[in-house]
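**Student:**
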Amino acid sequence: MTILHSRKQVFSAVKLAASTSLLGLSLSALAYDVPFNLSVDDDILLWQSSAPSTNIYEDGIYIATVHEVYSYMPVRDGATYQLVAHNYGVDFTPLSPPFVVPDDDGGSDGDDGIEYDEAKIYFELNDTDGDLGLHALVDGDSWRELNIEDPNDRSIFSVNVSNSLLAQGMTEIFFESSEPTFDELDPVDFFARFPAGEYDINGVTLEGEELESEAFLSHVIPSAPANTAVSGQLLPDSCEEVDGPVVAAPFNVVWDPVTHSHASLGIAGEVVVDLYQVVIEREEPAPLLISMDVSSEITSVQLPSEFFGSGENIKIEILTIADTGNQSAMESCFVSAN
Numbered sequence: 002m003t004i005l006h007s008r009k010q011v012f013s014a015v016k017l018a019a020s021t022s023l024l025g026l027s028l029s030a031l032a033y034d035v036p037f038n039l040s041v042d043d044d045i046l047l048w049q050s051s052a053p054s055t056n057i058y059e060d061g062i063y064i065a066t067v068h069e070v071y072s073y074m075p076v077r078d079g080a081t082y083q084l085v086a087h088n089y090g091v092d093f094t095p096l097s098p099p100f101v102v103p104d105d106d107g108g109s110d111g112d113d114g115i116e117y118d119e120a121k122i123y124f125e126l127n128d129t130d131g132d133l134g135l136h137a138l139v140d141g142d143s144w145r146e147l148n149i150e151d152p153n154d155r156s157i158f159s160v161n162v163s164n165s166l167l168a169q170g171m172t173e174i175f176f177e178s179s180e181p182t183f184d185e186l187d188p189v190d191f192f193a194r195f196p197a198g199e200y201d202i203n204g205v206t207l208e209g210e211e212l213e214s215e216a217f218l219s220h221v222i223p224s225a226p227a228n229t230a231v232s233g234q235l236l237p238d239s240c241e242e243v244d245g246p247v248v249a250a251p252f253n254v255v256w257d258p259v260t261h262s263h264a265s266l267g268i269a270g271e272v273v274v275d276l277y278q279v280v281i282e283r284e285e286p287a288p289l290l291i292s293m294d295v296s297s298e299i300t301s302v303q304l305p306s307e308f309f310g311s312g313e314n315i316k317i318e319i320l321t322i323a324d325t326g327n328q329s330a331m332e333s334c335f336v337s338a339n
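Mind the numbering: the sequence shown is residues 2 to 339 in the numbering used here, read in order.
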C-alpha cells in the first residue's frame, strides 16, 4: 500500500475532487465505478474498485491515498469511512456511501489471524548515559502492511510498503526510537508516552491474509550490572573524562548478578534475568567488535588476550536482558597492557 499524502499534505487536485464529491456535484462520463462492497475485517477496511487509486476519508476528513491495493489499516471502531476512486489524480468518482465500522471491530468471520514468528516490544536503558528508548522486533510471513497499537488502541507505528517492495514483501523489521537524555525528557513523561500492557501487532500478508500477535510491554526495568571489574580492577562509572585503569592480561571481566528492578526508574517489580550480553569494542589500531550472550547464571567472562595489544583503549558494555525483553546497559572502559 502506498500512502502519498498525510492529513495535512493534500494535493490541490485531491482537495478539489473531494470538495466536488462532498458537495454532491455531478461528475459526467465517469471512467470508474464508485468504490463498493465496503467491509471491515478486524482493523482492516476492505473494498472493491476498478480504479487503481483510492482516497480515504474518516469522519469526513481526508486521511490517505492508496494505489493498487484495496485495503487500509487501521480503522477505528464507530468511525465513518467514505472512498473516492481515481486514476493517479485524474478521473475522480464521487464519494462512496458512508460505511460505519461496528463497535465490535467488525470481524467478519471470527477467525484468528496468522501469528508472527516473533513479536517483541521493549525498553532499553543506558544507565551510564541516562537515556531510554523503545525498541520493537517483528518477524513473520511475507507482509505488505504492519501496524502496532498501544493498550489504548492508539496506532503508534504503521508501515505500508509500495511499488517493488510491495511485490517483494517484507518479513522482518526492527526499530529503535530516539533516546533523549533524562535532561531532555523526564523518565516519567517517557513512560507516560508508552503505557504498560498488551500491544496489538497486526498486518496483512502478500496474499491478503491477516497477521496478528500481542506483545506485553512492562514498566519494570532491570538494574544494570554493577561493580564491573577487569582482572580485579574496578572500572569507572563513566569514561567521558578518563580512559579507565591499565589492565594486564588475562582479561577476566566480572560483575554483580542482577536480582532486582531499577531503583529509580519505572516501577518496582520482580526481575527474572534471561541473559547478559557483553560487548567489547576497540577503534584503534584496527576496529574490533566482540559480542557475547551469557547465561543468567554466569557473571564473568574471559576475553581472548591475543586480540589485544598494549596501550589500546577498550570500551566495554554489559547489558541485563530480562525475560520481559527490557534491557539495562552499563558502559565503561579500560586500557590493555598485554
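Using N, Cα and C, we set each Cβ at its ideal position, and we do this for glycine too.
None of these values were measured; they are calculated from a predicted model.
(1) Of the choices Ala287, Val76 and Ile281, whose alpha-carbon is the least far from that of asparagine 148?
(2) Going by the CB atoms, is the gap between glutamate 313 and isoleucine 337 shorter than 8 Å?
(3) Expressed to the nearest angstrom, what Euclidean distance is found between the alpha-carbon atoms of valine 279 and glutamate 173?
(4) Alpha carbon to alpha carbon, how far is glutamate 340 from leucine 133?
(5) To which residues of the same chain is aspartate 257 closer than 6 Å at the C-beta, ignoring the five residues directly before and after it?
(6) Tell me the rounded alpha-carbon separation between isoleucine 315 and valine 254.
(7) What do you get for proline 95, buried or exposed, if any count of 16 or more other CB atoms within 10 angstroms of its CB means buried?
(8) Taking the alpha carbon of histidine 87 as the point to measure from, which residue in Asp140, Ala32, Gly61 and Phe252 has its own alpha carbon closest?
(9) Alpha carbon to alpha carbon, what distance is there between asparagine 127 and glycine 326?
(10) Hey, would you say leucine 266 sits closer than 8 Å to isoleucine 222, going by beta carbons?
(11) Which residue wins for smallest C-alpha separation from leucine 135, given the options Asp92, Phe176 and Ala250?
(12) By the three-class DSSP mapping on this structure, what secondary structure does asparagine 164 have?
(13) So the beta strand (DSSP E) valine 139 belongs to, where does it begin and stop?
(14) For glycine 245 and serine 296, I'd like the C-alpha separation in whole angstroms.
(15) I need the DSSP call for valine 189, collapsed to helix, strand or coil.
(16) Contact check, glutamate 210 vs asparagine 203 under 8 Å by CB: the rounded distance?
(17) What ranges does the alpha helix (DSSP H) occupy inside the stretch 303-339, keeping only unbroken runs of at least 4 residues that lie completely in it?
(18) Work out the CA separation of aspartate 142 and glycine 61 for me, nearest whole Å.
**Tutor:** In short:
(1) Looking from the CA of asparagine 148, the closest CA among Ala287, Val76 and Ile281 belongs to Val76.
(2) Position check: residue 337 holds serine in this sequence, whereas isoleucine was assumed. For serine 337 and glutamate 313, yes; Cβs fall inside 8 Å.
(3) Taking the straight line from one Cα to the other gives about 25 Å.
(4) A question about residue 340 goes unanswered here, because the residues of the chain that appear run from 2 up to 339.
(5) Excluding positions up to five away in sequence, the list reads Ala227 and Asn228.
(6) When rounded, the distance between both Cα atoms is 12 Å.
(7) Burial call: buried.
(8) Sorting Asp140, Ala32, Gly61 and Phe252 by C-alpha distance to the C-alpha of histidine 87 places Ala32 at the top.
(9) Distance between the alpha carbons of glycine 326 and asparagine 127 is about 15 Å.
(10) Against a cut-off of 8 Å, the Cβ pair of isoleucine 222 and leucine 266 comes out as a contact.
(11) Ranking Asp92, Phe176 and Ala250 by Cα distance to leucine 135 puts Phe176 first.
(12) It is helical.
(13) In the DSSP assignment, valine 139 falls within the unbroken beta strand (DSSP E) covering 132-150.
(14) Spanning the two alpha carbons is a distance of roughly 27 Å.
(15) DSSP places valine 189 in the helix class (H, G or I) of the three-state scheme.
(16) About 12 Å separates the two Cβ atoms, so there is no contact after all.
(17) Whole alpha helix (DSSP H) segments, 4+ residues: zero.
(18) For glycine 61 and aspartate 142, the gap between their C-alpha atoms comes out near 35 Å.
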